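Undergrad: Got a structure here, written out as structure tokens. Questions coming.
In our numbering, the protein residues as written are 309 to 622.
What follows is the structure, given as structure tokens:
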């Protein structure tokens with residue numbers, strides 16, 4: 309009969325493994341005092357955008373002999389707080405974070421503790437509500453992304469009944485929606501008929517859009533905070549065989565771009581540059597640790613992409 313370990317034994321084993329891991333890290337640091345260690349944590353790693361950002365950070369840092377520890381909180385503030393706590397115990401030189409919830413007092417508290425320990429804080433793709441905590445914040449021009457969508461919508465359609473897919477806890481997503489709404493505000497023929505929380509996830513957006521359809525609310529346009537939510541909307545719209553809905557999005561993901569040529573429902577996306585964001589984040593680590601001045605806010609330009617845009621090579 310197989311022996312089952314008791315809960316206290318399992319907990320003790322995990323604690324020992326973590327302790328040994330931190331000890332091993334400390335030994336490596338002692339052997340190479342110039343080696344930088346960086347902890348990275350993004351709201352979710354099931355988004356290609358964050359994978360590309362992180363790959364670029366790892367490439368830029370580890371090829372110089374440094375070490376990057378990447379963690380995935382899976383949209384859980386609690387998990388992300390635990391990850392920050394572990395980074396503090398590991399005495400990393402810097403933390404690169406895309407917060408699950410920019411307003412979470414608990415998360416802000418852990419970042420404050422890290423900062424007090426001398427750890428540099430680099431925020432990517434969104435802002436913290438307490439901007440003082442970040443040594444630098446690197447974002448796309450999110451407000452402009454919303455403006456670009458609104459302008460292309462007005463160029464495509466003389467009027468619209470709009471469903472907005474949002475993620476309220478992230479400043480970046482809120483900025484995109486605000487740029488969109490502000491641009492359309494003077495024009496009464498563009499009406500927002502519903503707004504739904506999607507957390508920027510395909511599996512959340514699809515049932516949300518299906519509920520709007522089932523409720524009888526009439527819409528002919530979807531403004532999505534990102535491509536993942538837009539693809540959830542597309543799935544819902546196609547399953548209900550709606551043919552007169554236009555979807556606009558933000559990100560410029562490969563999946564979205566490939567689908568542009570396959571369906572007229574997807575109109576376009578405002579493309580970000582995750583590679584540029586990763587490069588700027590890695591460069592900021594080097595500068596901040598060396599005591600060099602880094603801009604408090606770094607904004608990366610965005611651009612419109614649709615089926616008429618030049619084909620990207622490679």
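Ideal placement from N, C-alpha and C gives every residue a C-beta, glycine not left out.
Note that this is a predicted model, so its numbers are computed, not measured.
Looking at the strands, I want to know which residues DSSP matches up with residue 472.
TA: 503, 531
Undergrad: Would you give the residue range spanned by the beta strand (DSSP E) that residue 576 belongs to?
TA: 574-579
Undergrad: Nearest-angstrom Cα distance between residue 546 and residue 597?
TA: 50 Å
Undergrad: Identify whether residue 428 lies in helix, strand or coil by the three-state DSSP scheme.
TA: Here residue 428 sits in strand by DSSP.
Undergrad: Could you check the C-alpha separation between residue 621 and residue 601 for me, to the nearest Å?
TA: The predicted position of residue 621 is uncertain, since its pLDDT is 42 and thus under 50; no value can be drawn from it.
Undergrad: Hey, how far is the Cα of residue 579 from the Cα of residue 399?
TA: 36 Å
Undergrad: If you reduce the DSSP assignment to three classes, tell me which class residue 358 lands in.
TA: helix
Undergrad: Near residue 573, what residues of its chain come up, given a Cβ to Cβ distance below 7 Å and the 5 sequence neighbours on each side ignored?
TA: 542, 545, 553, 554, 555
Undergrad: Give the secondary structure of residue 371 by DSSP, where H, G and I count as helix, E and B as strand, and everything else as coil.
TA: coil
Undergrad: Throw me the rounded Cβ distance for the residue 425 and residue 396 pair, which I believe falls under 8 Å.
TA: By a beta-carbon distance limit of 8 Å, residue 425 contacts residue 396. Their separation comes to about 6 Å.
Undergrad: Which whole-angstrom value describes the C-beta separation of residue 455 and residue 491, a residue pair presumed to lie in contact below a C-beta threshold of 8 Å?
TA: 5 Å
Undergrad: Is residue 410 helix, strand or coil when you go by DSSP?
TA: coil
Undergrad: Using CA atoms only, rank isn't needed, just tell me which of 342, 408, 588 is closest to residue 388.
TA: 408
Undergrad: Helix, strand or coil, according to DSSP, for residue 417 in the structure here?
TA: helix
Undergrad: Shortest alpha-carbon distance to residue 355 belongs to which of 404, 508, 448?
TA: 508
Undergrad: Could you tell me if residue 448 is buried or exposed, where buried requires 16 or more neighbouring beta carbons within 10 angstroms of its beta carbon?
TA: Classification for residue 448: buried.
Undergrad: From the DSSP output, in three-state form, read off residue 448 for me.
TA: strand
Undergrad: Pull up the distance between the alpha-carbon of residue 526 and that of residue 477, whole angstroms please.
TA: 27 Å
Undergrad: Could you check if residue 618 is buried or exposed, using at least 16 other CB atoms within 10 Å of its CB as the buried criterion?
TA: exposed
Undergrad: Taking DSSP as the reference, what is the three-state secondary structure of residue 599?
TA: Three-state result, residue 599: coil.
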